[in-house]
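Structure first, then comments.
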Amino acid sequence: MSDDSYISIQNVQKYFGSFCAIENISMDIAHGEFFSLLGASGCGKTTLLRMLAGFESPTKGEIFIDNQPMSDVPPHYRPVNMVFQSYAIFPHLNVHDNIAYGLRKRKLPKAKVTEMVDEMLNLISLPDYGNRKANELSGGQRQRIALARALILRPKVLLLDEPLGALDKQLREQMQLELRQLQRTVGITFVFVTHDQEEAMTLSDRIAVMADGEVMQLDTPIGLYERPVNRKVASFIGTMNFFDGVVADEAGETLKIEAQGLGPITAPANPSNKAGFYKGDKVQVAIRPEKLVLSAQKPDAAFAASGRVQNMAYLGERSHYLIEMDGLDKHVAVSSQNLVPGASLFEMGSDVWINWQSDAVVVLERN
Amino acid sequence: MSTDSYINRPNRPLQVYALIFLIVLYLPILFLPLFSFNDSIYVRFPMQGFTVQWYYDLMARSAVWAALMNSVKVGVAVSIVSTVLGIFAAKAITRYRFFGKEPIVIFIMLPLVVPLIIFGVALLVLFAQLLGVPLSLYTVAFGHLILCIPFSTAVLMPRFEGFDPAIEEASADLGENAWWTFWRVTFPMILPGVVASLLLCFTVSFDEFIMAFFLTGTDATLPMYIWGQLRFPQQFPSVLALSSLVIIGSFIIVLLGLWINRDADMTKTKAGTDA
Amino acid sequence: MTDQSALARPAAQTPPQVNWFSRKIHKSETFRAYAVLSPALLFLGFAILIPFAILVVLSFWTPVGFDFNREFTLKNYRDIMERPIYGTLLWRSLWISTMATVFTVLLCYPMAYYVAFHVHRNKMVWIVLMTLPFWTSYLLRVFAWKVVLGYEGVINSGLIWVGWIEEPLKFLLYSPSAVIITLAHAWAAFAILPLYVSLEKIDKSLLEAATDLGDGPMRRFFRITLPLSLPGVISASILIFIPTTGDYITPALLGGPNGMMIGNLIQMQFGPTNNWPMGAALAIVLMLTIAAICAAFILITFFVRKRIT
Chain A
13 MSDDSYISIQ NVQKYFGSFC AIENISMDIA HGEFFSLLGA SGCGKTTLLR MLAGFESPTK
73 GEIFIDNQPM SDVPPHYRPV NMVFQSYAIF PHLNVHDNIA YGLRKRKLPK AKVTEMVDEM
133 LNLISLPDYG NRKANELSGG QRQRIALARA LILRPKVLLL DEPLGALDKQ LREQMQLELR
193 QLQRTVGITF VFVTHDQEEA MTLSDRIAVM ADGEVMQLDT PIGLYERPVN RKVASFIGTM
253 NFFDGVVADE AGETLKIEAQ GLGPITAPAN PSNKAGFYKG DKVQVAIRPE KLVLSAQKPD
313 AAFAASGRVQ NMAYLGERSH YLIEMDGLDK HVAVSSQNLV PGASLFEMGS DVWINWQSDA
373 VVVLERN
Chain B
151 MSTDSYINRP NRPLQVYALI FLIVLYLPIL FLPLFSFNDS IYVRFPMQGF TVQWYYDLMA
211 RSAVWAALMN SVKVGVAVSI VSTVLGIFAA KAITRYRFFG KEPIVIFIML PLVVPLIIFG
271 VALLVLFAQL LGVPLSLYTV AFGHLILCIP FSTAVLMPRF EGFDPAIEEA SADLGENAWW
331 TFWRVTFPMI LPGVVASLLL CFTVSFDEFI MAFFLTGTDA TLPMYIWGQL RFPQQFPSVL
391 ALSSLVIIGS FIIVLLGLWI NRDADMTKTK AGTDA
Chain C
55 MTDQSALARP AAQTPPQVNW FSRKIHKSET FRAYAVLSPA LLFLGFAILI PFAILVVLSF
115 WTPVGFDFNR EFTLKNYRDI MERPIYGTLL WRSLWISTMA TVFTVLLCYP MAYYVAFHVH
175 RNKMVWIVLM TLPFWTSYLL RVFAWKVVLG YEGVINSGLI WVGWIEEPLK FLLYSPSAVI
235 ITLAHAWAAF AILPLYVSLE KIDKSLLEAA TDLGDGPMRR FFRITLPLSL PGVISASILI
295 FIPTTGDYIT PALLGGPNGM MIGNLIQMQF GPTNNWPMGA ALAIVLMLTI AAICAAFILI
355 TFFVRKRIT
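Residue numbers (our numbering), protein chains in the order written: chain A, 13 to 379; chain B, 151 to 425; chain C, 55 to 363.
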């Protein structure tokens, strides 16, 4: 465990009957971090969050928050608060009473409570909303009140269970910015659950990508995108082209690979891959669509291959191409930015060349 | 919703049928109040003229008042106890996954279906044989609890199903223990169901006759009193008057209960099909 | 994922003190569920299971004056098998409640169908209207039928008054048909609700699809609506059949000697006849018969449905 670890999840397993929701997860989350659990539905991310909140207890393993083991601590004693997916605003209470809900135990004078609530209402930019009824609020307002209700207690950790999932696209993007801003202002550790990779990338300091109850990769957004550890992560975050290949030679920091459809290429020996690759290993070569460059003429580049435009979609700021290549039974996706108006568009059926830099190539295990 | 889609287009014969059905459903019951104002001790056409004499007769009888008080006592006690137990049961059934849930739900709902005569005699044997308890209003109330707990549970389950479990979790998350969470969140949310359960259980107990028949001691409940009067033809008109009052009272209480609880759709719960 | 977290954590600070019970409550959902269920479950367990056990034991005894001979004997059951009165009454009870069940379901089905498919606004009002009488006293509803069907009752005196008949119709009161009519009326709500629920659940687009594929209203009903509402028909049938078989108020008030049912016999054993062990044995036989018939019914419908689908 690292020294600055604030939440430490150690060998946690969770079974519902015979169904395994969490395989065996260990991870550390630092103080003040905006941390995301990212994965498709059913990957165990919500279960993990609910274990942090105390609504589920681990079948095995232990969770520490600020050096305290948590497994015997019921939810109402935990120093964490949660923003629920449905917001769970108390429908029979008004906004003020919703936000002040958790303050009962502190036995503060009424004026002090009102002052604290008003402060929170200002923080979430909903001043003078105290007397509103819960059913008079829009989705975005409910979301903010759920946040205020949790933050007023100054939790050590704030847990957010897909809090933006119920909002429409525009509002969601606005709330993403506000959420990040708010987290910097209050300085509380956020653990955020989402299935939206773009949202996770926008908000997080670090992201744990989960699938089938396991953590596939835990990294910064840049790390996840540029150095995915396996095909699942690579295709979950953004789009990726995969080519089968065999390691022809390993020489220090670079690998020589014979890749199907691309010919002999070199690639950095991926440092995020624990297992090194050796001569004769069957591997997968992955390249992002935007790292492939199209040209009509044979380019003056170290690595290039030729093909035909099979399909093309113009999206305004960029265009997407599907390139048919000799010796390859699937199409290669290329995304190119439309920098010059009208220029550099390739017609369907035209012959093109693609080229790329050696360090754009990611080498993965083949399975 | 469009009311004139092909499948849903009005069906005249069915409308007529529905109307006749409702009339037949209510008509026999409505004859009771009708004849209770008839100035004759015979219940037959042609009617003889309007009178409220039978109601006056009724008021003058202390046995009626005593039976009424007995039924009210039993009804109030039974409705409170069964509603409290029903809250717990409905909460557990709707909120938790646990081993043996299906058979337990069936067991709890069983008294709604099993012929009450069987509970009546079984409890009679329990009290008289094993416990040696004399029959009294307590034994009647005990029997009614068996019937009212499933009623209360069935009324409250849609209430629990009708609100997001995350609301209770949010309360725990904000620092309240189970006790405070119940009083600050759960209870206000299910309050209409609780009131409905109290009213409906009161009515069920107040009107219950079969178990009371076996379990009543010297203090008669109102249905027992009516049963006793049925043997005497000259009492018929006053029984009609009393029955009319009981039926109208029941209608009012039940309608009130259903109206208070109107936003919980009782046909959408599992209880409707499980039992 | 960091590998360091697998390393041993330094001895943790002591957790907040929590006792055994609340730890259990927090950790096990099943424990929590049973803790919450326990008041109702304990009461019903005590109030249902123990009396039944005693009933079973009692049925193997014989009466001696006001006390019992506690020697184990099958005499009561042998009597039930051998003396025709018991068998006759049991058969009659089953026949009467079967008829009542069939009538109730047949009569309620169109009503439930109407509310499910043709009522668009205020469905709840209709459901309340249909189930409201059910909440009022069973005794009084039966009593109302006595007033209607009686020798000098509403129907007879009304028909004589308008001059359609000279003599009161005798078959109305004190007959099995009077019992069947009354039972069907009294238990209508028990049939309506499950029928309505199963009909309401049917996706309307299935009916439109059937029409689109060429079925007329009749074929559509028999090929789509009826099979899909079968679960409702089954639960309605069981919900009416079970309680009516054991009824004794209706036959007592309206049945006369030919309309007596097994429930009356049981009641008599605990009342005037004062033969409790026999009453207990009859109650047990009644329960076992009902259980057997319901099991058979459910099994048959299960296999029939399996063959259809």
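Every residue, glycine too, gets a C-beta built ideally from N, C-alpha and C.
So, is the C-beta of L61 of chain A closer than 8 Å to a C-beta in chain B? Chain B contact via Cβ: absent.
Straight-line CA distance for V179 of chain C to R309 of chain B? 19 Å
Separation of I181 of chain C from A263 of chain C, as counted between CA atoms: 28 Å
So within the segment 319-356 of chain B, which uninterrupted beta strand (DSSP E) runs reach at least 3 residues, ignoring any that extend past its ends? Listed in chain order, nothing qualifies, since the segment 319-356 of chain B has no complete beta strand (DSSP E) run of 3 or more residues.
Please classify V290 of chain B as buried or exposed, where buried requires at least 16 neighbouring CB atoms within 10 angstroms. buried
Look at G317 of chain C and Y228 of chain C and say whether their C-beta atoms are less than 8 Å apart. no
Whole angstroms are fine: how far does the CA of A94 of chain C sit from the CA of F275 of chain C? 43 Å
Once the 5 residues before and after V202 of chain C are set aside, which same chain residues still bring their CB inside 8 Å of it? V208 and I209
Y163 of chain C versus M341 of chain C: straight-line alpha-carbon distance, rounded: CA-to-CA, the gap between Y163 of chain C and M341 of chain C works out to about 28 Å.
With respect to the alpha helix (DSSP H) encompassing L191 of chain B, which residues constitute its N-terminal and C-terminal limits? A small correction: the amino acid at residue 191 of chain B is Ile; Leu does not occupy that position in the sequence shown. Per DSSP, I191 of chain B belongs to no alpha helix (DSSP H) and is neither H nor E.
Taking the beta strand (DSSP E) that W189 of chain C falls in, what are its first and last residues? Note, W189 of chain C: premise wrong, no beta strand (DSSP E); alpha helix (DSSP H) at K177 to W189.
What residue does the beta strand (DSSP E) around F46 of chain A start on, and which one ends it? F46 to L50
Closest Cβ-Cβ distance between R161 of chain A and chain B: below 8 Å? yes
When burial is assigned at 16 or more other CB atoms within 10 Å of the CB, is F364 of chain B buried or exposed? By the neighbour-count rule (16 or more Cβ atoms within 10 Å), F364 of chain B is buried.
Spatial distance of W151 of chain C from V287 of chain C (CA atoms): Note that residue 151 of chain C is Ser in the sequence shown here, rather than Trp. Cα to Cα, S151 of chain C sits roughly 16 Å from V287 of chain C.
Give every residue of the same chain whose Cβ lies closer than 7 Å to the Cβ of Q188 of chain A, excluding the five residues on either side of it in the sequence, and list them in chain order. L176, E211, T214 and L215
Min CB distance L297 of chain B to chain C below 8 Å: no
Look at the alpha carbon of P261 of chain B and the alpha carbon of L336 of chain C, and state the distance between them as a whole number of angstroms. 19 Å
Contact list for K117 of chain A against chain E, beta-carbon separation under 7 Å: Of the protein chains in this structure, namely A, B and C, none is chain E.
For C55 of chain A, three-class secondary structure by DSSP: Coil at C55 of chain A, not helix or strand.
For P69 of chain C and S69 of chain A, I'd like the C-alpha separation in whole angstroms. Unreliable positioning characterises P69 of chain C in this predicted model, as indicated by a pLDDT of 46, which lies under 50. The coordinate reading is nonetheless provided below. Answer to the nearest angstrom: the Cα atoms are 15 Å apart.
Return the residues of the segment 330-357 of chain B that lie within a Cβ-Cβ distance of less than 7 Å from chain A, sorted by chain order. V335, P338 and M339
Look at the Cβ atom of I256 of chain C, then the Cβ atom of M184 of chain C, and state whether they are nearer than 8 Å. no
List, from N- to C-terminal side, the alpha helix (DSSP H) runs of 4 residues or more that fit wholly inside the segment 274-345 of chain A. none
Label I254 of chain B either buried or exposed according to how many other C-beta atoms from any shown protein chain fall within 10 Å of its C-beta, with 16 as the threshold for buried. buried
Are K291 of chain A and V259 of chain A touching if we call contact CB-CB under 8 Å? yes
If you measure beta-carbon to beta-carbon, which residues of the segment 294-319 of chain B are closer than 7 Å to chain A? D314, A316, I317 and E319
Does the Cβ-Cβ distance between R166 of chain A and I136 of chain A come in under 8 Å? no
Could you spell out where the beta strand (DSSP E) holding V24 of chain A opens and where it closes? S17 to F28
In whole angstroms, what is the alpha-carbon distance linking P353 of chain A and G339 of chain A? 34 Å
Out of B:P373, B:F171, B:V335 and B:D207, which one is the CA nearest neighbour of A238 of chain C? B:F171
Are the segment 324-331 of chain B and the segment 357-371 of chain B in contact at 8 Å, needing three or more beta carbon pairs? no
How far does the alpha helix (DSSP H) with N318 of chain C in it reach, from first residue to last? I316 to F324
Close beta carbons around L213 of chain C, own chain, < 8 Å, minus the five adjacent residues each side: Once the five neighbours on either side are set aside, the close Cβ partners of L213 of chain C are I219 and L223.
Please confirm if R63 of chain C has its CB atom under 8 Å from at least one CB of chain A. Bear in mind that a pLDDT of 36 at R63 of chain C, under 50, signals an unreliable position, so the number given afterwards is only what the model happens to contain. Yes, R63 of chain C lies at the interface with chain A (some Cβ there is under 8 Å from its Cβ).
If the cut is a Cβ gap below 9 Å, which residues of chain B does H239 of chain C touch? Those within 9 Å of H239 of chain C in chain B are V174, L175 and P178.
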